[in-house]
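Chemist: Just dropping this structure here.
In our numbering, the protein residues as written are -12 to 480.
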């Protein structure tokens, strides 16, 4: 009910597209920090990080420190984010036109939307698995109706109030989620204790060193040097240019506030990965201390398509969190679910309006742009509902997110960084880099299997993801040098 009221109230303050997409560029530091945390700490993040903690134990913490370090470096240096905010753009593809051409803007926006909507494809599925495991709800139709209702609620207040309502609801959801996470962390520690946490490595063959490519626990894949390099590239790129984070950067009062936002966000980015990993580690310790129960769970995963390793953490919480507190925890996770969806829906719909429809359709009034954005939100919501919930999608969650994200990021990194810091970057180089990112689709499981079969190779998704980034950088440089723009760009260096 409060979300509906906020949406109606925020609609009064939406006078133009700048208000709708970037809250009039008026976010102060503390509010920007809260909404950034509320957006990035979504239910999907909690689920896949807890899954990694369950399968890879302490070794999976490297992702938390890697991301926090990347965000801190960006904040201290202002690399990319400072100049982007100074440019007064509302979306990343808008910079493509500002620096290159309208063609680059439309092509880049199209690839971004495809990558982004694909990336959201499993969000509803992850949410439904959480509710199934933590509540014991077995009626699939009832579950789907609940998830549909939650999505419709998000659509309602996002459509009405745009970024204004998203920021306000993110703040409320951040407070609920923060309370829930503190409670869960305390309960997990109380349940396992120091002895249980130590026993993971001393008695249960837990995975500790991420540079070790073999997982001694046998409960999940190993990590190793090559995957750490891959995640450094993907996470570092996403920290700068993932559109939902960039939307907060572009909504800040000034470039200086945007830079400070990243510096302070390093703490919340560390927490958003480390705390769910800790829950996953606690889940592993709980199951490992009861071998028979662990065997039953693994058997259920193999025999029941609706139960996966993602289900382990909510099943554990349902057993150890007291009933009254479990309701608050569930509310916090639902808040996390909503805070991610509203920001993503607004982000991708804004790109469709601002960077695809408007350049192709010609001059549009502010009212028309807001209307198109609202229609796009509903269309994306319908696609997510149909694909991600009512039809089965079988894929590894973290691998799926990394691959679909790399489709956009691999082309965006050379295009944006080259545009900001290299005066010779050209339109042809930018187009080649953006389209080169589509090579990232080859890193998905079925494609990897076909490539190995056809060419008698032994490559994996990590190899192909790194190859995609390298390919996009090379074709950007080669295309820019071979086909320079007719008009010389001003030196940005």
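No residue lacks a Cβ here, since even glycine has one placed at the ideal position from N, Cα and C.
As the structure is a prediction and not an experimental result, all values here were calculated from the model.
When we look at the beta-carbon of residue 286 and count the other beta-carbons within 10 Å, is it buried (16 or more) or exposed?
Modeler: Per the 10 Å Cβ criterion, exposed.
Chemist: If we require 4 or more residues per run, which alpha helix (DSSP H) segments fall completely within the stretch 172 to 241?
Modeler: Segments of the alpha helix (DSSP H) lying fully in the stretch 172 to 241: 211 to 228 and 230 to 238.
Chemist: Report the rounded CA-to-CA distance for residue 274 versus residue 212, giving the unit in angstroms.
Modeler: So the alpha carbons of these two residues sit roughly 29 Å apart.
Chemist: Considering only the beta carbon of each residue, do residue 237 and residue 343 sit closer than 8 Å?
Modeler: No. Outside cutoff.
Chemist: To the nearest angstrom, how far is the alpha carbon of residue 47 from that of residue 473?
Modeler: Straight-line Cα distance between these residues: approximately 49 Å.
Chemist: Among the candidates 223, 253 and 259, whose CA atom is the shortest distance from the CA of residue 397?
Modeler: Residue 397 has its Cα closest to that of 223, out of 223, 253 and 259.
Chemist: Helix, strand or coil for residue 106, going by three-state DSSP, please let me know.
Modeler: Note: residue 106 maps to helix in three-state DSSP.
Chemist: With H, G and I counted as helix, E and B as strand and the rest as coil, what does DSSP make of residue 87?
Modeler: Coil, per DSSP.
Chemist: Along the chain, where does the alpha helix (DSSP H) that runs through residue 46 open and close?
Modeler: First-last for residue 46: undefined, no H or E at that position.
Chemist: Rounded to whole angstroms, how far is the Cβ of residue 109 from the Cβ of residue 332, which I believe are closer than 8 Å?
Modeler: Not quite, the Cβ-Cβ distance comes to about 15 Å (not below 8 Å), so this is no contact.
Chemist: Between which two residues does the alpha helix (DSSP H) holding residue 433 run?
Modeler: 432 to 442 is the extent of the alpha helix (DSSP H) around residue 433.
Chemist: I need the straight-line Cα distance from residue 270 to residue 361, nearest angstrom please.
Modeler: The alpha-carbon atoms of residue 270 and residue 361 are separated by roughly 41 Å.
Chemist: Which of helix, strand or coil does DSSP assign to residue 410?
Modeler: Reduced to three states, the DSSP call for residue 410 is coil.
Chemist: Using 8 Å as the threshold, is the C-beta distance between residue 405 and residue 448 below it?
Modeler: Contact flag unset, no.
Chemist: DSSP on residue 382, reduced to helix/strand/coil?
Modeler: Below a pLDDT of 50, predicted positions are generally treated as unreliable, and residue 382, at 48, falls in that range; the measurement from the model is reported next regardless. Residue 382 falls in the coil class under three-state DSSP.
Chemist: Please name the residue, chosen from 346, 327 and 427, that lies closest to residue 393 on a Cα-to-Cα basis.
Modeler: Of 346, 327 and 427, the residue nearest in Cα terms is 427.
Chemist: How would you write the range of the alpha helix (DSSP H) that residue 464 sits in, first residue to last?
Modeler: Segment 448 to 469, the alpha helix (DSSP H) holding residue 464.
Chemist: Among the residues of its own chain, which have a CB less than 6 Å from the CB of residue 301, if the five just before and after it don't count?
Modeler: Correct list, in chain order: 117, 120 and 121.
Chemist: With three or more beta-carbon pairs closer than 8 Å as the criterion, would you say the stretch 18 to 36 touches the stretch 172 to 182?
Modeler: No, because fewer than three Cβ pairs between the stretch 18 to 36 and the stretch 172 to 182 fall closer than 8 Å, the two stretches do not touch.
Chemist: Would DSSP call residue 78 helix, strand or coil?
Modeler: DSSP places residue 78 in coil when its eight states are reduced to three.
Chemist: Just to check my reading of the structure: residue 69 and residue 233 have Cβ atoms closer than 8 Å, yes? What is that Cβ distance to the nearest angstrom?
Modeler: Not a contact, Cβ separation roughly 13 Å.
Chemist: At the level of alpha carbons, what is the spacing between residue 298 and residue 191?
Modeler: So the two alpha carbons sit approximately 21 Å from each other.
Chemist: With 16 other CB atoms within 10 Å as the buried threshold, where does residue 370 fall?
Modeler: By the 10 Å Cβ count, residue 370 comes out exposed.
Chemist: Determine, using beta-carbon pairs with one atom in the stretch 77 to 91 and one in the stretch 243 to 263, whether at least three such pairs fall under 8 Å.
Modeler: They do not touch, by the three-pair rule.
Chemist: Helix, strand or coil for residue 294 per DSSP?
Modeler: Coil.
Chemist: Taking only runs that begin and end inside the stretch 250 to 330, name each unbroken alpha helix (DSSP H) of 4 or more residues, in chain order.
Modeler: Whole alpha helix (DSSP H) segments, 4+ residues: 278 to 290 and 299 to 307.
Chemist: Look at the Cβ atom of residue 106, then the Cβ atom of residue 391, and state whether they are nearer than 8 Å.
Modeler: Their beta carbons are under 8 Å apart, which means residue 106 touches residue 391 by this criterion.
Chemist: Taking 7 Å as the limit between beta carbons, can you name the residues of its chain near residue 51, skipping five residues before and five after?
Modeler: These residues qualify, in order along the chain: 257, 260, 261 and 264.
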